[in-house]
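> Supplied in structure tokens, the structure appears directly below.
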Amino acid sequence: MSFVGKVVLITGASSGIGAATAIHLSQFGASLSISGRNKDNLEKVAKQCGCGQSKPFIITGELTNENDVKNIIDSTIKHYGKLDVLINSAGILANGSIETTSLEEYDKIFNINVRSIYQLTMLAVPHLIKTKGNIVNISSVNGLRSFPGCLAYCMSKAALDQFTRCVALDLASKQIRVNAINPGVIATKLHETSGMDKDQLKNFFERGKQTHALGRTGNVSEVAKTIAFLASDEASFITGATLPVDGGRHAMCPR
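Quick note on numbering: the sequence shown equals residues 1 to 255 in the UniProt record's numbering.
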């Protein structure tokens with residue numbers, strides 16, 4: 001597998017799955033454009049990307065700001081002259097039910113998890129047509145299965161899965177592949193921002209041993225390797241897929 005000569009844009013690259021994916025793809029020679037809100041963290045990630053053709057290009061911005069989103073695409077094209085792969089990794093998680101999730105919270109989740117990805121993809125497509133590139137969206141097992149207590153998040157990931165399938169069909173004639181991966185519980189800081197305290201978080205991960213068929217939660221490296229495969233030429237006949245990377249979580253039923 002090689003990404004030499006390929007320009008890869010990764011959002012949400014300052015931590016978690018996005019950061020791990022950037023570091024992993026650098027080992028295969030990718031020319032990286034990494035974006036996020038935290039410049040210091042992005043620079044730390046860039047230092048760990050030592051095997052690429054060049055140092056990763058860093059772009060900071062808020063995905064809720066349309067001008068910032070446009071700048072992510074425009075700056076990448078200005079710097080590299082093209083785009084081969086878009087990896088939409090940025091996202092937020094919040095707990096809440098229909099009784100506790102306000103419209104403000106709902107809008108915040110959808111603006112980041114769905115709307116920003118719509119805009120990024122819309123702006124990236126003209127460039128991906130030129131390179132016959134591809135898109136990988138980072139969804140969640142929550143898009144495939146229903147869970148209590150995280151309503152807006154589940155809805156946003158289900159929307160992202162349908163977006164992935166529809167855009168894959170829209171762009172197939174142009175030889176652009178569009179796929180998503182659906183991670184189970186992965187040890188990242190995403191869960192720390194969900195509203196759980198330390199004890200709840202500890203219990204959540206401990207319970208993951210029973211809710212995942214393989215008897216454990218996942219790690220970012222396992223997800224990054226799957227993203228790399230889907231983004232590579234090795235997956236040239238895969239499009240419109242929403243692929244669970246969840247230790248069998250999507251297949252489990254409560255007993």
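Cβ atoms here follow ideal geometry from the backbone N, Cα and C, with glycine treated the same way.
Please read these numbers as outputs of a predicted model, since none were measured by experiment.
Taking just the CA atoms, how far does glycine 50 sit from glycine 16?
18 Å
> Buried or exposed for isoleucine 186, please, with buried defined as at least 16 other CB atoms from any protein chain shown within 10 angstroms of its CB.
buried
> Can you tell me which of the three DSSP states glycine 91 falls into?
The answer is coil: DSSP assigns glycine 91 none of H, G, I, E or B.
> Mark aspartate 84 as exposed unless 16 or more other C-beta atoms lie within 10 angstroms of its C-beta, in which case mark it buried.
buried
> Measure how close the beta-carbons of threonine 131 and threonine 242 come, nearest whole angstrom, since I'm counting them as under 8 Å.
Not really, about 24 Å apart at Cβ, beyond 8 Å.
> Contact check, cysteine 166 vs asparagine 95 under 8 Å by CB: the rounded distance?
Not really, about 28 Å apart at Cβ, beyond 8 Å.
> What's the gap between the Cα of leucine 214 and the Cα of histidine 79?
43 Å
> Using DSSP with H/G/I as helix, E/B as strand and the rest coil, what is isoleucine 34?
strand
> Find out if the Cβ-Cβ distance for the pair serine 89, threonine 11 is shorter than 9 Å.
yes
> Work out the CA separation of leucine 63 and leucine 9 for me, nearest whole Å.
Each residue's Cα considered, the two are about 14 Å apart.
> If you compare alpha carbons, which of Met252, Gly247, Val245, Ser232 is closest to serine 2?
In terms of Cα proximity to serine 2, the closest of Met252, Gly247, Val245, Ser232 is Ser232.
> Taking the beta strand (DSSP E) that valine 8 belongs to, which residues open and close that run?
7-10
> Whole alpha helix (DSSP H) runs in the stretch 164-235 with 4 or more residues, listed along the chain?
198-211, 220-231
> Helix or strand or just coil, what does DSSP make of threonine 131?
helix
> Mind pulling the alpha helix (DSSP H) runs of 4 or more residues that sit fully within the stretch 52-113?
Fully enclosed alpha helix (DSSP H) runs of 4 or longer: 66-80, 103-110.
> Going straight from the alpha carbon of proline 148 to that of valine 114, what length do you get?
20 Å
> In the structure shown, what three-state DSSP assignment does valine 4 receive?
coil
> Hey, is tyrosine 80 close to the ligand MG, as in C-beta under 8 Å from one of its heavy atoms?
Looking for the ligand MG in the displayed structure turns up nothing, as the structure carries no ligands at all.
> When we look at the beta-carbon of isoleucine 98 and count the other beta-carbons within 10 Å, is it buried (16 or more) or exposed?
exposed
> Take the Cβ of asparagine 137 as the centre, count every other Cβ of all protein chains shown within 10 Å, and call the residue buried at 16 or more, exposed below.
Classification of asparagine 137: buried, given that the 10 Å Cβ count is 16 or more.
> Using the C-alpha atoms, what's the distance from glycine 91 back to residue 256?
Because the chain in this structure spans residues 1 to 255, residue 256 falls outside the shown range and cannot be described.
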